[in-house]
Amino acid sequence: MSRISEEQVRHVAHLARLAVTDEEVEKFTAQLDSIIQFAEQLNELDTTGVKPTSHVLDMKNVLREDQSKPGLPREEVLKNAPDHEDGQIRVPAIIE
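In C-alpha cells form, the structure reads like this:
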C-alpha cells in the first residue's frame, strides 16, 4: 500500500511550480513512499529518556561579538560607484 498518492505528488509539484511528466510522478511517488516508510520505522524507536534537541551537536552561540571596524575610505567606495553626487552613491528611483 502506497503512503502517498500520485495525486499528492502532482499537487506538491504544482505548489512548487514544477512541471513533471507521468514517468517522473511515478518515480517520485515510489521515492517519497520509501522516505515515508523509513520515517515510520523511526517512530518505532523507544525514545524515552532522550532529551529533545534542535541540533545533533551540543552547540552554544557560535557567533562572535559585534566589533566596530573602520570602513573603506569614501573616495575608494565612490570611485567604484557608477554614479555619485555630493559624496553619496546615486541609485535609480524605485518609488514614484
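With full-length UniProt numbering applied, the sequence shown covers 1 to 96.
Cβ atoms here follow ideal geometry from the backbone N, Cα and C, with glycine treated the same way.
- In this structure glutamate 6 is not in contact with valine 20, their Cβ atoms being roughly 10 Å apart against a cut-off of 8 Å.
- In the structure shown, glutamine 37 adopts helical secondary structure according to DSSP, grouped into three states.
- For the pair serine 2 and aspartate 22, the CB atoms are not nearer than the 8 Å cut-off.
- Here DSSP, grouped into helix, strand and coil, assigns glutamate 44 to coil.
- Valine 56 has its alpha-carbon roughly 26 Å from the corresponding atom of glutamine 31.
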